[in-house]
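Residues 1 to 107, numbered by the UniProt record's numbering, are exactly what the sequence shown covers, in order.
Where a beta carbon is used, it is the ideal one built from N, C-alpha and C, also for glycine.
Written below as structure tokens is the structure these notes are about.
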Amino acid sequence: MVRVYILQKREIKVGDKVAGRHGNKGIISKILPRQDMPYLQDGTPVDMVFNPLGVPSRMNVGQIFESSLGLAGDLLKKHYRIAPFDERYEQEASRKLVFSELYEASK
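Dropping the structure here:
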């Protein structure tokens with residue numbers, strides 16, 4: 001079991017470093033009010049915007065699969081359990097799951 005302790009809870013600010021579980025990391029460069037953030041076609045506001053050029057250069061393709069599955073889950077109102085450090089993303093079965101769920105969500 002791993003225990004994580006948060007020493008300080010505070011609002012995120014410009015200059016803070018953030019990291020995902022796929023090895024991606026970055027620095028908050030700008031914080032905008034909600035009305036200035038982009039929206040999806042259905043009016044859903046976007047919380048964060050990432051530079052997509054960071055994905056291939058860091059070879060963290062799992063982030064793309066997990067984000068795509070999250071989008072499909074949101075559209076289909078489904079929840080998926082993804083284990084950290086799981087190597088399934090490199091297998092064809094996981095790709096089929098993601099693509100089939102995205103296809104279902106696009107209907």
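Residue i burial status per 10 Å Cβ neighbour count (16 or more: buried)
{"i": "G23", "result": "exposed"}
{"i": "G62", "result": "buried"}
Residues that residue i bridges to, as DSSP identifies them
{"i": "V18", "result": "G26"}
{"i": "P45", "result": "Y39"}
Residue from the options whose Cα sits closest to the Cα of residue i
{"i": "L43", "options": "Q35, P52, V49", "result": "The question names Leu, yet the displayed sequence has Gly at residue 43. Checked all of Q35, P52, V49; the closest Cα to G43 is Q35."}
{"i": "L102", "options": "V2, V4, A72", "result": "A72"}
{"i": "K96", "options": "K77, D74, H79, L69", "result": "L69"}
{"i": "M48", "options": "N60, V55, H79, I31", "result": "I31"}
Other residues of its chain near residue i: CB distance less than 7 Å, five sequence neighbours each side excluded
{"i": "R58", "result": "G23, N24"}
Proximal residues to residue i (C-beta, below 8 Å), its chain only, five neighbours per side dropped
{"i": "E104", "result": "A72, L76"}
Beta-carbon spacing of residue i, residue j below 7 Å
{"i": "I28", "j": "D16", "result": "yes"}
{"i": "V46", "j": "P38", "result": "yes"}
{"i": "V14", "j": "G26", "result": "no"}
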